[in-house]
Amino acid sequence: MLKEFYAYLDKLLAYSRSIALLHFDMSTTAPKDSYPTIAKTISVLSGELFSLKVSDEMKKYLDYLEKEYSELDDIAKRTYEVCKKEYDMYTKIPKDEFVKQKEVAALGQSKWKEARDKEDFSIFAPVLEELIEYSKKFAGYLGFSESPYTWLIQQYDEDFSLTEVEEYFEVIKSQLVPVVEKVLKADKVITNVLDKEIDLSKNKEVANFIMEYLKYDLNKGLLSESTHPFSINMGCDDVRITTRYEKFIPSLYSVMHETGHALYEQNPMDSLRNTILSGGSSMSIHESQSRFLENYLGRSKSFINKLYPVIMEKFSEEFVGLTEESFYREVNSVNAGFIRVDADELTYSIHVLIRFEIEKLILSGKVKVNDLPKLWADKYEEYLGIRPTTLKEGVLQDVHWSSGMFGYFPSYSIGTAISAQLYKTISKEFDVQKAVDNDEVEKVLNWLKENIHQYGSLLKPKALVKQATGEEFNPKYYIEYLSKKYGELYGVEL
Ligand code: ZN
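Residue 495 in our numbering sits at position 441 of the sequence shown, and the numbers go up by one each step.
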């Protein structure tokens, strides 16, 4: 029976991989006029996948596994839990509404893109409104009509309640915001050699160096271009990433970030390969891997020491006067900026805090869609003292809402805080920077593989953090890390 169950799950995987491939195509190379057809195809396939998840056959397997639960191995137990959870969820949502939402969500991205290009919020507002209504409705079917945001957050991080996420952002607000304010006021001259218009086509070669250096298996992956960088997978043997070549530093750091996601997806233990447990445990754990490579490794002195010569080999004419030290300082310079994905390490979580506060207001119905551009600008003024003047710099910069992904943002910040805890734990075993200095970056990557990647989603996020670090998730390591690094860099007492 178990064998038949796994064979049945292969069908589910085939559908979800096909849907992922269509999403990838739509975000990268598909011609513009194909979007409605692709969106329709995605919604039809999503409907088929929905049916497989709630079918009588699925029910038969779940009943059997429930009876045999104590006899099952860990993989079968967790597979049962994941499928049962989805079964319970999808049996409460009407299929026709689910399918329609998928179509609206798939098309949303093209509306977002058009609104962004034309600087016209009214192109995107109706679809955003519709997606918010769907989210509220679905949350209501599942008993979360009082707090749809709780349900949405748990779609990405099943272990976290809204209260826990609120507590986390209280820490950010009370402990990180003052640090950011102090650093922004600190008078430190940092050269701006890198921030200029140059031909970025050579960046592709630097991107190749980064992916190879970080052991991203390009026989099982590739780098493409999209409006908003992302990673997506069709199983662990086909894990793709994208970046955008708009600005020099962000285009490269997006490659590091997405490579972090890719490594997580490429490296489950053998027994999890090609199963529904092959992928990451939750989005915050996923972000802990991407943010680890992007920041804790990518913005360190040791890594800059490896990257700097590669950049100078390609861009010596463009970046005259750039030294290794000034490069290090520039990728770690703190600025009140508008764009989250371009943000420095210190202000990053402020961008997420702003989104968290706005999403809470959206889902509680306290703000109207048409008021979002102003609310967004107000929040940036409140927390970072700057006011976006374009929608591209403001409310339309992120792709997430256009596909109905409300509740995803907190995982970026919580994930970054988890990376700090992982970094602290690794550092008890060996010196991460020395390992990079000695050309032993594998030591660091193997630690992540052994302690995080190999488990796929076999363990729930909190249990995984506890097992890897020996304690519960604790954001204090994140605040400590940032205060130490930026106190030193900016010569301020934090
Ligand atoms: Zn990410």
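Even glycine gets a Cβ: it sits at the ideal position worked out from N, Cα and C. For clarity, every value in this text was computed on a predicted model and none was experimentally measured.
Pull up the DSSP beta-bridge partners for residue i, would you.
i	result
GLU399	For GLU399, which the question treats as bridged, DSSP gives no partner whatsoever.
SER278	THR296
ILE286	ARG294
For the ligand ZN, is there a heavy atom less than 7 Å away from the beta-carbon of residue i?
i	result
GLU341	yes
HIS454	no
ASN405	The sequence given here places His at residue 405; Asn does not occur at that position. No.
SER305	no
HIS315	yes
SER344	yes
Less than 7 Å between the CB of residue i and some heavy atom of the ligand NAP, yes or no?
i	result
HIS311	Among the ligands present in this structure, namely the ligand ZN, the ligand NAP is not found.
What are the boundary residues of the alpha helix (DSSP H) that residue i is part of?
i	result
HIS311	302-320
ILE339	337-345
ASP64	56-81
GLN487	486-491
SER356	355-369
ILE264	257-267
ALA84	ALA84 -> no alpha helix (DSSP H), and no H or E assigned at all.
ARG394	ARG394 -> no alpha helix (DSSP H), and no H or E assigned at all.
ASN349	It is not in any alpha helix (DSSP H) - ASN349 carries neither H nor E in the DSSP assignment.
GLY101	89-108
THR523	515-523
TYR531	530-544
GLU19	The question about residue 19 has no answer here: the residues shown for the chain are numbered 55 through 548.
PHE381	378-385
Are any of the Cβ atoms in chain D nearer than 8 Å to that of residue i?
i	result
LEU254	The question asks about chain D, but that chain is absent: this structure has only one protein chain.
- Message: For the structure I just gave you, are there three or more beta carbon pairs, one from the region 326-341 and one from the region 495-512, closer than 8 Å?
- Response: Contact between the region 326-341 and the region 495-512 is present, because at least three Cβ pairs lie under 8 Å.
- Item | Contained alpha helix (DSSP H) runs [length at least 4] in the region 416-471, N- to C-terminal order | With a minimum length of 4 residues, the unbroken runs of alpha helix (DSSP H) contained wholly in the region 416-471 fall at 426-438.
- Query: Contact between the region 171-191 and the region 475-483: three or more CB pairs below 8 Å?
  - Reply: With a cut-off of 8 Å, the region 475-483 and the region 171-191 do not count as touching, because too few Cβ pairs lie within range.
- Message: Can you confirm whether the region 487-494 touches the region 458-470 when touching is taken to mean that 3 or more C-beta pairs between the two stretches lie within less than 8 Å?
- Response: Contact fails: fewer than three Cβ-Cβ distances are below 8 Å.
- Between the region 432-440 and the region 384-394, do at least 3 Cβ pairs fall closer than 8 Å? Enough Cβ pairs lie closer than 8 Å, so yes.
- Task: Mind listing, in chain order, the continuous alpha helix (DSSP H) runs of no fewer than 4 residues lying wholly within the region 172-216?
- Result: The DSSP assignment places complete alpha helix (DSSP H) segments of no fewer than 4 residues inside the region 172-216 at 175-195, 202-210, in order along the chain.
- Query: Fully enclosed by the region 113-178, which alpha helix (DSSP H) runs are 4 residues long or longer?
  - Reply: DSSP runs (the alpha helix (DSSP H)) wholly in the region 113-178: 128-144, 149-172.
- Message: I'd like the ranges of any alpha helix (DSSP H) spanning at least 4 consecutive residues and lying wholly in the region 216-251.
- Response: Complete alpha helix (DSSP H) runs here, min 4: 216-225, 231-239.
- Message: Does the structure place the region 374-383 close enough to the region 191-208 that three or more beta carbon pairs sit under 8 Å?
- Response: Cβ pair count under 8 Å is below three, so no.
- Touch test, the region 333-345 against the region 206-213, Cβ-Cβ under 8 Å, three pairs minimum: Using a Cβ-Cβ distance cut-off of 8 Å, the region 333-345 and the region 206-213 are in contact, since at least three pairs of beta carbons, one from each stretch, lie closer than that value.
- Three-pair Cβ contact test at 8 Å for the region 154-172 versus the region 92-102: They touch, by the three-pair rule.
- Message: Below 8 Å, how does it come out for the region 276-296 and the region 74-81: are there three or more Cβ pairs, yes or no?
- Response: Between the region 276-296 and the region 74-81 there are three or more C-beta pairs closer than 8 Å, enough to call the two in contact.
- Item | Inter-stretch contact (C-beta, 8 Å, three-pair minimum) for the region 109-120 and the region 160-178 | No: fewer than three Cβ pairs fall under 8 Å.
- Query: Would you say the region 305-319 touches the region 342-356, given that touching needs at least three Cβ pairs under 8 Å?
  - Reply: At 8 Å Cβ cutoff, the stretches touch.
- Quick one: any contact between the region 421-428 and the region 128-144, if contact means 3 or more CB pairs under 8 Å? Three or more Cβ pairs closer than 8 Å define a contact, and the region 421-428 falls short of that threshold against the region 128-144.
- Message: Using a Cβ distance threshold of 8 Å, determine whether the region 281-298 contacts the region 231-242, with at least three qualifying pairs required.
- Response: With a cut-off of 8 Å, the region 231-242 and the region 281-298 do not count as touching, because too few Cβ pairs lie within range.
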